[in-house]
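Note sheet for the following structure.
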Amino acid sequence: MKIVVFGGRGQLGNDVFLTVPKNVELIVPLKEEVDVGNRDQVVRFAKKVGSVDFVFYLAGYVKVDLAEEELYEVFKVNTFGIKNVIEFFYTTPVVYISTDYVFDGSKEGEPYYEDDIPNPINIYGISKYAGELIVKSYVNKYYIVRTASLFGKLPSKGKGTNFVYTILNKLENNETIKVVNDVFMSPTYTFDLAKSIWELVERQYPYGVYHITNSGYCSWYEFAKYIAQYAGFVESKIYPVSSMEFSAKAKRPKWSVLGSRNFPQIRGWQQALKEFIESILHK
Ligand SMILES: NC(=O)c1ccc[n+]([C@@H]2O[C@H](COP(=O)([O-])OP(=O)(O)OC[C@H]3O[C@@H](n4cnc5c(N)ncnc54)[C@H](OP(=O)(O)O)[C@@H]3O)[C@@H](O)[C@H]2O)c1
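Count along the sequence shown from 1, add 26, and you get the number used in my numbering.
What follows is the structure, encoded as structure tokens:
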């Protein structure tokens, strides 16, 4: 099986590469070679590569606050890019990675399932939902995978870090850390997500929308506390604060816990986090 991966050199892409099944050949263009927002580059690349069995679209503009100002850049990567790719890889099945931020958070107390109606409340979420609609409108064979709060060995390329590395750095510097305790989500290890994506493709799950996160949920504050605990920081200066205390540019859903009716639960986020932290501390 031959697969083209756009955005394959980021945090998730790194684990997609590390977990690739034996029978799969990956073609992973650099952003410098193929900017997904550039139609000419996409068409030239598509002609060069020829027919493939799948396109994985992991490319993303991921800076949620900056997205409120850099509208063209956000839509270029999260929305127009997928349209370009679909146009020139016509009839090829697609994996498009989307986000819990397509939801507004009003379903507090119950997970969002695949058939819940998105209602994004920030530009990042709007651009991703628009990307989903393009996939649904133009492609018959697709997996739209909504995931959340990723952490992996390679920090997010767009953000330059991920939440786990940010907290670990602050702990190492003995900083006081204030973390919101009224925003809830499902942390997800990119290694587990990557394996699940391969499972979708290899086991030929029915095409459609899938919610894939580590199971369980927590507030960002709880998440930070577990990071400290697993990394062996006995005394840490992590304090819970209300999201009202932070003035972020983008609004965020206060509750974006994802649940699935279409895909089996994967292991809990605590177990995944523990294994991740052990792997980076003993590298
Ligand atoms: N991070 C999260 O918490 C989170 C949560 C939910 C959903 N997601 C989605 O999951 C996907 C993977 O996220 P991630 O954490 O792996 O992000 P990441 O590390 O920032 O990776 C994004 C990738 O997209 C590539 N890219 C950016 N602009 C591009 C362009 N114009 N043309 C071609 N490629 C471009 C980047 O290329 P370079 O390597 O050259 O920079 C990078 O490889 C994204 O679609 C994101 O929206 C992420």
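Built from N, CA and C at the ideal position, the CB exists for glycine as well.
According to DSSP, residue i sits in a beta bridge with which residue or residues?
i: G234; result: Y169
i: G19; result: The question about residue 19 has no answer here: the residues shown for the chain are numbered 27 through 309.
i: V121; result: F82 and Y169
i: F177; result: Y215
i: I29; result: L52 and F80
i: Y265; result: K204
i: W281; result: F210
i: Y138; result: L284
Less than 7 Å separating the beta-carbons of residue i and residue j?
i: K28; j: E58; result: no
i: A276; j: E94; result: yes
i: L284; j: D41; result: no
i: I264; j: I203; result: yes
i: P266; j: Y247; result: yes
i: S132; j: E158; result: no
i: F114; j: V69; result: yes
i: V165; j: G151; result: no
i: A220; j: T45; result: yes
i: Y116; j: V161; result: no
i: N145; j: D130; result: yes
i: S262; j: L197; result: yes
i: F43; j: V60; result: no
Roughly how far, in whole angstroms, is the beta-carbon of residue i from the beta-carbon of residue j, given that I think they are within contact range, below 8 Å?
i: Y87; j: V103; result: 4 Å
i: Y215; j: F302; result: 5 Å
i: I306; j: K179; result: 6 Å
i: R278; j: V205; result: So it is not a contact: roughly 14 Å between Cβ atoms.
i: Q37; j: S153; result: Incorrect: roughly 18 Å between the Cβ atoms, too far for contact.
i: Y236; j: F272; result: Not a contact, Cβ separation roughly 31 Å.
i: G63; j: G107; result: 5 Å
i: F177; j: P137; result: That pair is no contact at about 20 Å.
i: W224; j: P47; result: 6 Å
i: S1; j: A156; result: Residue numbering for the chain in the displayed model covers 27 to 309; residue 1 lies beyond these limits and cannot be assessed.
i: V100; j: V30; result: The pair is not a contact, with the Cβ atoms about 23 Å apart (cut-off 8 Å).
i: Y83; j: P119; result: At roughly 11 Å, the Cβ-Cβ gap does not stay under 8 Å, so Y83 and P119 are not in contact.
i: Y243; j: M211; result: 6 Å
i: K185; j: K280; result: Going by Cβ atoms, the distance from K185 to K280 rounds to 21 Å, so no, they are not a contact pair.
i: N188; j: D218; result: Incorrect: roughly 14 Å between the Cβ atoms, too far for contact.
i: R287; j: E140; result: 6 Å
Determine the extent of the beta strand (DSSP E) in which residue i is found, giving its start and end residues.
i: V206; result: I203 to V206
i: E51; result: E51 to I53
So the alpha helix (DSSP H) residue i belongs to, where does it begin and stop?
i: N195; result: F189 to E198
i: F43; result: Q37 to L44
i: L97; result: L97 to F101
i: A276; result: Looking at the DSSP string, A276 is not in any alpha helix (DSSP H), and its letter there is neither H nor E.
i: I160; result: I149 to Y164
i: F259; result: From DSSP, F259 is part of no alpha helix (DSSP H); its letter is neither H nor E.
i: K74; result: R65 to V75
i: I112; result: G107 to F114
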